[in-house]
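Peer 1: Numbering (the numbering used here), first residue to last: 280 to 619. From the three backbone atoms N, C-alpha and C, an ideal C-beta is built for every residue, glycine too.
#1: Comparing alpha-carbon positions, which option in 498, 338, 347 lies nearest residue 438?
#2: Kindly list the residues whose CB is nearer than 8 Å to the CB of residue 398, restricted to its own chain and excluding five residues on each side of it in sequence; keep chain order.
#3: Less than 9 Å between the C-beta atoms of residue 378 and residue 356, yes or no?
#4: Using 8 Å as the threshold, is the segment 440-447 in touch with the segment 543-552, meaning 3 or more CB pairs across them?
#5: Enumerate in chain order the residues of its own chain whose CB-to-CB distance from residue 575 is below 6 Å, with the five nearest sequence positions on each side excluded.
#6: Exposed or buried, residue 433, counting other C-beta atoms within 10 Å across all chains shown (16 or more means buried)?
#7: Counting only runs of 3+ residues fully inside the segment 428-487, write out the beta strand (DSSP E) ranges in chain order.
#8: Counting along the chain, where does the alpha helix (DSSP H) carrying residue 567 start and finish?
#9: Could you spell out the range, first to last residue, of the beta strand (DSSP E) harbouring residue 609?
#10: Do the CB positions of residue 420 and residue 604 come within less than 9 Å of each other?
#11: Residue 594 lies in the alpha helix (DSSP H); which residues open and close that run?
#12: In three-state terms, what does DSSP make of residue 553?
#13: Anyone know if the C-beta pair for residue 401 and residue 347 falls short of 9 Å?
#14: Name the one or two DSSP bridge partners that residue 348 has.
#15: How many Å lie between residue 431 and residue 371 at the Cα?
#16: From the DSSP secondary-structure annotation, give me the bridge partner or partners of residue 391.
#17: By the 10 Å Cβ neighbour count, where 16 or more other Cβ atoms means buried, how is residue 616 classified, buried or exposed?
#18: Any idea if residue 428 is buried or exposed, counting beta-carbon neighbours within 10 angstroms, 16 or more meaning buried?
#19: Determine the direct distance from the alpha carbon of residue 460 to that of residue 481, and round the result to whole angstroms.
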């Protein structure tokens, strides 16, 4: 059954209630921040946002993993997210502080909310690791949707085939996956293989993630949680509770949390960044999201080319020459049609 569409009056009332709640929360937060500022605050120092809980943050001093303070926000700061580097001041109250400034980001991962507005989720990410497995069966178009989402936010995607132990004795599935992954390697994507059960490939994965900040995305059942637990020994309960959180009931938001790998590097884990909608994108964004298309963008004979059968279409000519794979062209058209 589809969701019941709200009337304009119902939507207005919901928005009004939400704004009133935000105003009350902000008033409380301003009072707390003022009380903290009236006390002796320590010197400014750099910190890393480990988790975000509405108007409060867990801040970790740079170079001191595991030492966190619950911090409030000074007024007029932009929206902050897990992974942000900030300037903060500690209070003389135990494990409390105030964030006073946001440092420059080099990447920002956002996803559209139900209204189609982009919502920041995590910052300063190096890799989006797309996890697939033989089951559920991965389809190229689904992979391409993730890749387009990653490309358009400027974060390098990595494809990880997990549960390789399940392919033992299944030569048909192995060959199909090898052929599909070879296409992505040819395009220029990094492809890894791993098995949590046999530990094959885990060292290569750790080496890639070392000294970088990453997020895992992918369908349910591909083994993301098992990989996280293998990479983050001792935090099974924390990761499990985050992964299973549904945001229902009184929990209107779900916190993204940053974890440190023992060998180096960090992982931001949150159900909010497990999948990405594309309905907010313009056709030109989707076109740019196919990285092998880019050399031919802007070279069509007609400015309003739809890249179908128009004369002088540079994309279609690249397809005929073999510079673009037919499977990728099909995916592009399916994604484009889904926007409509």
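Peer 2: Looking at the atomic coordinates:
#1: On the chain shown, residue 438 is found 159 positions in, with the first residue counted as 1. Answer by Cα proximity: 498.
#2: Taking the first residue of the chain shown as 1, we reach residue 398 at position 119. These residues qualify, in order along the chain: 389, 390, 391, 392.
#3: In the chain shown, residue 378 corresponds to position 99, counting from 1. In the chain shown, residue 356 corresponds to position 77, counting from 1. A contact, by the Cβ cut-off of 9 Å.
#4: no
#5: Within the chain shown, residue 575 is the residue found at index 296, counting from 1. Excluding positions up to five away in sequence, the list reads 593, 594, 597.
#6: Position 154 of the chain shown, counted from the first residue, corresponds to residue 433. The residue is exposed, with fewer than 16 neighbouring Cβ atoms inside 10 Å.
#7: 435-440, 469-472
#8: Here residue 567 refers to the residue found at position 288 when the chain shown is read from its first residue. That run of the alpha helix (DSSP H) goes 562-568.
#9: Residue mapping note: residue 609 aligns to position 330 of the chain shown, counting from 1. It is not in any beta strand (DSSP E) - residue 609 instead sits in the alpha helix (DSSP H) that spans 605-618.
#10: Reading the chain shown from its first residue, position 141 is the one you call residue 420. Reading the chain shown from its first residue, position 325 is the one you call residue 604. For residue 420 and residue 604, no; Cβs fall outside 9 Å.
#11: As a working note, residue 594 is residue 315 in the chain shown. Segment 593-600, the alpha helix (DSSP H) holding residue 594.
#12: The residue you call residue 553 lines up with position 274 of the chain shown. Reduced to three states, the DSSP call for residue 553 is coil.
#13: Here residue 401 refers to the residue found at position 122 of the chain shown. Here residue 347 refers to the residue found at position 68 of the chain shown. No, Cβ-Cβ distance for residue 401 and residue 347 is not below 9 Å.
#14: Mapped onto the chain shown, residue 348 falls at position 69. The partner list for residue 348 (beta bridge, DSSP) reads 338.
#15: Your numbering for residue 431 matches position 152 in the chain shown. Your numbering for residue 371 matches position 92 in the chain shown. Cα to Cα, the separation comes out at about 43 Å.
#16: Counted from its first residue, the chain shown places residue 391 at position 112. In DSSP, residue 391 forms a bridge with 397.
#17: Walking along the chain shown from the start, residue 616 turns up at place 337. With fewer than 16 Cβ atoms within 10 Å of its Cβ, residue 616 is classed as exposed.
#18: In the chain shown, residue 428 corresponds to position 149, counting from 1. Flag for residue 428 reads buried.
#19: One-based indexing of the chain shown puts residue 481 at position 202. One-based indexing of the chain shown puts residue 460 at position 181. If I take the Cα positions, the gap works out to 18 Å.
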